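The numbering of the sequence shown is this note's numbering, which starts it at 52 and goes up by one. Think of the CB as a built atom: it goes at the ideal place given N, C-alpha and C, for glycine as much as any other residue. Because the structure is a prediction, the values reported are computed rather than measured.
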Amino acid sequence: MSQHRHPGAPGRAGAVPTLPDLPEATVARLPEYLRALHNLADAGHETVSSEGLSAAAGVNSAKLRKDLSHLGSYGTRGVGYDVALLIEQIEYVLGLTQRRAVALVGVGNLGHALAGYDGFASRGFRIAALLDADPSRVGEEINGLVVRHVDDLPTVAAEESLAIGVIATPAAAAQQVADQLVAVGVTSILNFAPCVLSVPEGVDVRKVDLAIELQILSFHEHRKASLTALPAAGGTAFTALPGGFAATDTQEAIGT
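Written out as structure tokens, the structure is:
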């Protein structure tokens, strides 16, 4: 996604220049830097070194410096980065200079929790509408918003100029909801349902699957346990794999 300067872009010295497409890995790390910078600003820090910011964000300092160089921000030798300016630069690149309207579809347990999350408002997002297909939930008030039927989505989209749709429905309903969001012009979707969505080109989908994250952590736990169980130096450990294969301690459980 190309980012270009426009009249509303930051205007101070060192502000964001016209940018080429940013690497996806860089885009994924910018919110971590922004969170760390807000915490530093709240604590009264006006400047921060690359080492200090990388530690606060949990990122390698060399990687951080390379990421920020894409923004035209190199810091000042012996001083570091201007915290307020860097916040402004990153918020501009991430498009957070305006409050984006979000529609949340699915107000079960997860939807309730998301609807009450204060972090959205403090980071530039506004939950503009709550929707559900269950008639028993329609009319319920959650955090000051009344739940509407998902069939009201076209009306909601016209009223609120929706920017992002959040899907927190069961997997079986997620694709239909995605189709409805796309039909009313929503081109950015955050999907919490445990399924893969099919969307037209030009529609961006981010998937959040807590079970997958837990499975990845389970792999790391399994690996750590297998390493602590290795025999003394000089021996070769073999692990039985499903299907009758065997792997040594130098091989991955999946692949070679």
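Segment contact flag, the stretch 233–245 with the stretch 264–283, C-beta cutoff 8 Å, min 3 pairs: Contact fails: fewer than three Cβ-Cβ distances are below 8 Å.
Coarse secondary structure for Leu196, derived from DSSP in three states: Collapsing the DSSP output to three states places Leu196 in a strand.
Neighbourhood of Gly167 by C-beta distance below 8 Å, restricted to the same chain and skipping five residues each side: Result list for Gly167: Ile193, Asn194, in chain order.
Close Cβ partners of Gly126 (< 7 Å) along its chain, the five nearest in sequence each way excluded: Once the five neighbours on either side are set aside, the close Cβ partners of Gly126 are Ser101, Tyr132.
Exposed unless 16 or more other CB atoms sit within 10 angstroms - verdict on Thr220: Only buried fits Thr220, as 16 or more other CB atoms lie within 10 angstroms of its CB.
Exposure label - Gly190; buried when at least 16 CB within 10 Å: Counting every other CB atom within 10 Å of its CB across the protein chains shown gives Gly190 a total below 16, marking it as exposed.
Proximal residues to Arg63 (C-beta, below 6 Å), its chain only, five neighbours per side dropped: Unreliable positioning characterises Arg63 in this predicted model, as indicated by a pLDDT of 47, which lies under 50. The coordinate reading is nonetheless provided below. If we look at Arg63 and ignore the five residues flanking it on each side, it has no Cβ neighbours.
Asp72 CB to nearest heavy atom of the ligand NAP below 7 Å: This structure lacks the ligand NAP; in fact it carries no ligand of any kind.
CB of Ala113 within 8 Å of CB of Val153, strictly: Cβ atoms of Ala113 and Val153: not closer than 8 Å.
Tyr143 versus Val99, Leu85, Glu211, Glu75, residue with shortest Cα-Cα distance: The shortest Cα separation from Tyr143 among Val99, Leu85, Glu211, Glu75 belongs to Leu85.
Inter-residue Cα distance where the pair is Ser173 and His89: A direct Cα-Cα distance of roughly 10 Å separates Ser173 from His89.
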